[in-house]
Amino acid sequence: MSTQVIAPPWPGRWLRGVILLALIGLAAAAQWILSHRGLPSGVASWPILERLNAHPGLVGLALYALALALFLVILSDPSVEAVGGLAVTSTWREGLVVLAVLALAAWARLYRIHEMPPGLWLDETDIARQALEIVNGARPRPWHVARLEVPWAYHYYVALFYWLLGPGYLTVKLPAIVSSVLVVIPLYLLAREMVRPSVAAAVIALYATSRWGINVARWGHVNALTPFFACLVLWLVWRGLHTGRWGYWIGGGIAMGLSQYTYQGARAIPVIVALFIIWRALFPRGYLRRYTRQIIALYVAAFLVYAPLGWTYLNDPLLFIERGRGVSVFNPLYTLEPGKAIWHNILAYAQAFHYRGDINPRHNLVGAPQLEEITAVLLILGLAYAVTRWRRPSSVLLLIWCAVFLIAGVLTQGAPNTFRIYGILPAFLLLCGLALDVLWSAWERIDWLSAEHLGTAVLIATVAWAGLDDVTTYFSQQGWQPTAWSEFNVSQTRAGQFLQRVTGDAPERWHVYLSRAFYGFSPIDVINPDLATERLILPDHVPLPPDRVGDTIYIVDPYLEPALDLLQRYYPESWREVVRDPRGNRLFIALVIPGEATARRGLRAKYWQGTLMAGPPAADVPVVDPWRAPPKIASVSAPYALRLIGGLRLTEAGPYRFRLMPSSGMALLYLNDIKIVSTPGDGKPSPESAPVWLPQGVILFRLDRIVSEGASPQPVRVEWMPPGAEGWEPLPLDRVLPVIPPPGGLIAAYYEGDRFTGEPVRVALDPLLLEDNAGQLATYAVRWLGKMEAERGEHGFRLSSDDGSRLYVNNQLLVDLWGLHGPQDKEGSLLLSAGRVPLELRYFDYGGSNILEAEWRPPGEDWKPLRYAMLRWDSDDVKQALTPLPSSSAIGIPTFSAQGAALGLLPPVRVLARDQRWPHPQRDENFHNRLLKIKDDVFDQGIGAFGPTEIAFDLRGQYARLSGAVGVDRDTTGDHVAWFQIELDGRVIWDSGPRYSFDPALPFDLDVSGGGTLVLRTHEGAPGASHDAVDWVNLRLVAR
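Under this note's numbering, think of the first position of the sequence shown as 1270, with each following residue one higher.
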């Protein structure tokens, strides 16, 4: 406690004491009402207070206004000031306090770090992934700029932790945590300049326990350095201004230059420094005249440090502005009315810290103010003090600091975004320190003795209460809020931790298949950089490819659990683990297959005594080599029947041919329970089979033999001619599995892109009916073909999908769920006769989330997955799937009679396209040969073009009406805006005005009676504007 001489007490100190207590009470009540959105429940229902409870915001503001009025009364005494400056000498006790707060900050940022936040954010892992490039030998220049506009210098800092600790979850988090903890030191030094030492300790304690600071520190993000450099630079500049020592000025310049090698938010630091120096030059005049050389030294040092990075930006200005431009309120792509957006942002930030904070669960406890109640109250009082004492250097610095960051936030989208303005946190806490110091000073003026003996205890209690509130709120509520789990890639992070635990110190021994929800996600890569992973493609990897042996792990999302069921059927020795979140929701499912299970090859052997395969077998051998002589069974003697059965693993769809080479006794080869070829039993080879169209995947393989009495059983050699082979080859042992595959299934054809034209990239047997992307593009489509064994009666069918799906039953469209949308479902029903019914299921995904569930309700039963129906396929289905669907022909407008009968297609007489990259309009597809997509709708019919085009038709006076719709296609690559016009005989009869890519299709229905030349025209609206993809959809000409 300071022992400075205190001025005599105020006259009427009891009244002053009442004012001080009333001020604290009113401010606390105001903030409680704002934070809790209403009055206490015990009084909220009182008749006189019920109406006030409906307007908590107004009540809180009114109480704050009264509190500030009392505060101004207290501040009317000019002797009530914050006590700080260079006159107070540091002591060893202060050092211990700072060390204790450092430990507290470290604890708050490391406690349960593996649980909260629940995972790794993609920005932090992207930086970690680039740091791994440095660890692996890359040496980018520190002043060059990597992804996310973060210079490589920061990545070297992160790489240091990989060098020291090795890869892991904590390694990703520690760089930001260390940076956040170290803020305590420069923040204390700066606070020490503005307030008394005990209050400066309170400021850093508030920082150490601030849930805002705790939360951001746990992200592993470069922005954690913004408060550190802000405090360090401003303390050095402050010391330079007050002492004139060259070391502070040069150190401040070096620190300011280094700050620009971090996050974009640090660009505010030089602005704050410049504005503060300008103010110091004006108030009082001439103050800086004696420091001119030192200020030059400050900027020379900053320039020398920043110059390499500045040169990078000069050579590629987009590196400097691109990220900021993308979030600016002046970006017309996202903000059509910047003025309204700015006003909205001002209001959002005005209430963010006391009433309703950031709604992003990654940034804040959704619905809560950004600050806890005590800190929020102190911030209001600190701001009021800074405004009333605006000539004090501490007030000016903190007001400039707050203003610069808030202006940056107001001018960007998504307000309030408390992550972007995170560098404002130390300024807020320093304002809280000013408020605490002023309240203590006022207490001393009222009763110096009680303030001297109780002030420190009250200060500790206040800070402890605030800190405990923030810490418990974070660890009991904010860190566990369900919405945050989707923000931090929890499933991928936990999968990475699982893989690290299972593979241990020998990751090179394992091979890992990851479903699309996990593959390529940096959380897994940065935790396990030495682990070989591959994207799971169901037709390729279930079961394992023939050449894959060794310890294997599958990681899939719960949607693909049936694939793991099938894998466990092939590999019974495997084991699985389901990883859940604290609420019991499944995050992922892992299947671990031991290496010895993956190496097993052969067929299952069943023996019957005699020549008939009836009844239970006399012997059942789990695995035999089918190409060797059958093993002798003591309990079975010739004559006997032998069945070798299992799965045949095919890696390519197409026509196959088979034959059996000479053997003793009769042999018959069955595929999919259909006899393919047989030997006559006289020692001659079988005839060659006709081509059999087979899919990729595992099909039922069966080889039946009869071993005659007295004959010595010889091995049967199966030869085949797979697609593309020029001659006969022995069927390899690694193509047969001693497991009977599941019966039935449909033939799945996988396409790249969202259309079903051209050759599929895969044609495979799918017993599970699970959608999967077998290609390399983000958009894909799948088409299933086959039959269903139906009983007579009414059958229900239901689809749930994201994005579009269609189901054809008995050659008619039954369920149509086409379009771009999130998870939706739709059902239909149909009366079927007994027997095999053709099925065709189509699905496409445009990117983002993806799901397809096909369900079936047999007569008199409940809904069940369609995979449980008796699905069947044959060679004709395979051949049909491999045959490319016809692509669209020349463009035109469909024509119809007045009664609605289709007449044909009216072709254009002239087509003009300015953009020669895609000069030819497409029929029923967009410029990229994909589906016509306008906003969330998908259209089967229309014309897709790119850039300004004119398509002219000769109507010859034969048509009465033209209808359709227009829009900018979702696949556009330009500025996302275009205009559409329809011209008839040189006169514009319809103009769409500007249409954006986020607008729905705009319909039109026009009278074209007696018209001759019809022109469909698109343009960009301004010379030099970027060209866009444009669609004319659902076109229809009705004859007169």
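Just so you know, even glycine gets a beta-carbon here, dropped at the ideal spot from N, CA and C. These numbers come from a predicted model, not from an experiment.
DSSP three-state assignment for Phe1927, whether helix, strand or coil: Strand at Phe1927.
Going by Cα to Cα distance, which pick from Trp1518, Pro1316, Gly1702 is closest to Ala1471? The residue from Trp1518, Pro1316, Gly1702 with its alpha-carbon nearest to that of Ala1471 is Gly1702.
Between Ala1356 and the rest of its own chain, which residues show a CB-CB distance below 7 angstroms, the 5 nearest in sequence each way excluded? Residue confidence for Ala1356 is low, a pLDDT of 43 falling below 50, so the modelled location carries little weight; the figure read from the coordinates is stated next. Answer for Ala1356: no residue qualifies.
In three-state DSSP terms, what is Ala1356? At Ala1356 the pLDDT is 43, less than 50, meaning the model places this residue with poor confidence; the figure from the coordinates comes in the next sentence. In the structure shown, Ala1356 adopts coil according to DSSP, grouped into three states.
Gly2262 classed as buried or exposed, judged by whether at least 16 other C-beta atoms fall within 10 angstroms: It is exposed - the Cβ of Gly2262 has fewer than 16 other Cβ atoms within 10 Å.
Measure from the alpha carbon of Asp2041 to the alpha carbon of each residue in Ala2059, Gly2027, Ala2018, then state which is nearest. Among Ala2059, Gly2027, Ala2018, the Cα nearest to that of Asp2041 is on Ala2018.
From Val1893, Val1847, Gly2022, Tyr1743, residue whose alpha carbon lies closest to that of His1632: Taking only the C-alpha atoms, the option nearest His1632 is Tyr1743.
Restricting to runs no shorter than 4 residues, where is the alpha helix (DSSP H) found entirely within the region 2114-2179? Runs of alpha helix (DSSP H) with 4 or more residues, each lying fully within the region 2114-2179, are found at 2144-2151, listed in chain order.
Quick one: is Pro1277 buried, meaning 16 or more other Cβ sit within 10 Å of its Cβ, or exposed? With a pLDDT of only 49 at Pro1277, under 50, the local geometry of the prediction cannot be trusted, and no value is derived from it.
How should Ser2166 be labelled, buried or exposed, when 16 other C-beta atoms within 10 angstroms of its C-beta is the threshold for buried? Ser2166 comes out exposed.
Anyone know if the C-beta pair for Leu1650 and Phe1622 falls short of 9 angstroms? No.
Rounded to the nearest angstrom, what separates Val1861 and Ala2294 at their Cα positions? Straight through space, the alpha carbons of Ala2294 and Val1861 are spaced by roughly 55 angstroms.
Which ranges does the alpha helix (DSSP H) cover as unbroken runs of at least 4 residues, wholly within the region 1656-1729, from first to last along the chain? Entirely contained in the region 1656-1729, the alpha helix (DSSP H) runs reaching 4 residues are, in chain order, 1662-1679, 1694-1715.
How should Ser1479 be labelled, buried or exposed, when 16 other C-beta atoms within 10 angstroms of its C-beta is the threshold for buried? Counting C-beta atoms within 10 angstroms of its own C-beta, Ser1479 has 16 or more neighbours from the protein chains shown and is therefore classed as buried.
Can you check whether the CB of Gly1353 is closer than 9 angstroms to the CB of Ala1428? Their beta carbons are not under 9 angstroms apart, which means Ala1428 does not touch Gly1353 by this criterion.
Taking a contact to mean a Cβ-Cβ separation below 9 angstroms, would you say Leu1872 touches Pro2007 in this structure? If you check the CB distance, Leu1872 and Pro2007 come in under 9 angstroms.
DSSP beta-bridge partners for Lys1875? Beta-bridge partners of Lys1875 (DSSP): Asp1889, Arg1912.
Decide yes or no for the touch test of the region 1372-1379 against the region 1745-1759: beta carbon pairs closer than 8 angstroms, at least 3 of them. Under the three-pair Cβ rule at 8 angstroms, the region 1372-1379 does not count as touching the region 1745-1759.
Excluding sequence positions up to five away, which residues of its chain have a Cβ less than 6 angstroms from the Cβ of Gln1239? With the chain covering 1270 to 2309 only, the question about residue 1239 has no answer from this structure.
Cβ-based neighbour list, Asp2085, same chain, cut-off 6 angstroms, excluding 5 preceding and 5 following: So the qualifying residues of the chain are Arg2075.
One or two residues paired with His1780 in a DSSP bridge: Ala1801, Thr1821, per the DSSP bridge assignment.
Per-residue burial, Thr1948 [other beta carbons within 10 Å of its own, 16 or more giving buried]: With 16 or more Cβ atoms within 10 Å of its Cβ, Thr1948 is classed as buried.
From what residue to what residue does the alpha helix (DSSP H) around Tyr1476 run? If you look at Tyr1476, you'll find it in the alpha helix (DSSP H) that goes 1466-1478.
Quick check on the burial criterion: 16 or more other C-beta atoms within 10 angstroms. Buried or exposed for Thr1360? Exposed is the call here.
Is the number of C-beta pairs between the region 2179-2199 and the region 2156-2163 that are closer than 8 angstroms three or more? The region 2179-2199 vs the region 2156-2163: in contact.
Would you grab the beta carbon distance between Ala1883 and Glu1978 for me? Rounded to a whole angstrom, and I think it's under 8 angstroms. Rounded to whole angstroms, the Cβ separation of Ala1883 and Glu1978 is 19 angstroms, and the two are not in contact under 8 angstroms.
Taking the beta strand (DSSP E) that Gly1509 belongs to, which residues open and close that run? Boundaries for Gly1509: no beta strand (DSSP E) harbours it, while the alpha helix (DSSP H) harbouring it runs 1494-1512, taken from the DSSP string.
Nearest-angstrom Cβ-Cβ length linking Leu1289 and Ile1715, presumed shorter than 8 angstroms: Taking a contact as a CB-CB distance under 8 angstroms, the pair Leu1289 and Ile1715 counts as one, their CB atoms being some 7 angstroms apart.
Where Ser2278 falls: helix, strand or coil (DSSP): Note: Ser2278 maps to coil in three-state DSSP.
By Cβ distance below 7 angstroms, which residues in the same chain neighbour Lys2133 in space, the five residues on each side in sequence not counted? These residues qualify, in order along the chain: Glu2124, Trp2125.
Got a sec, what are the start and stop residues for the alpha helix (DSSP H) Glu1462 sits in? In the DSSP annotation of this structure, the continuous segment of the alpha helix (DSSP H) that includes Glu1462 starts and ends at 1453-1463.
Where does Glu1756 fall in DSSP's three states? Glu1756: coil per DSSP, three-state reduction.
Assess, as a yes-or-no matter, whether the region 2218-2234 is touched by the region 2280-2287 under the definition of 3 or more beta carbon pairs within less than 8 angstroms. Under the Cβ criterion (8 angstroms, minimum of three pairs), the region 2280-2287 counts as touching the region 2218-2234.
Closest residue to Tyr2325 among Tyr2049, Asp2131, Ser2102 (Cα-Cα distance): This structure leaves residue 2325 out entirely; the chain is present only between 1270 and 2309.
Enclosing beta strand (DSSP E) for Ser2074 [first to last residue]: Start and end: 2074-2078.
Beta-carbon proximity of Gly1636 to Leu1475, cut-off 9 angstroms: Contact annotation: Gly1636 and Leu1475 have beta-carbon atoms that are not nearer than 9 angstroms.
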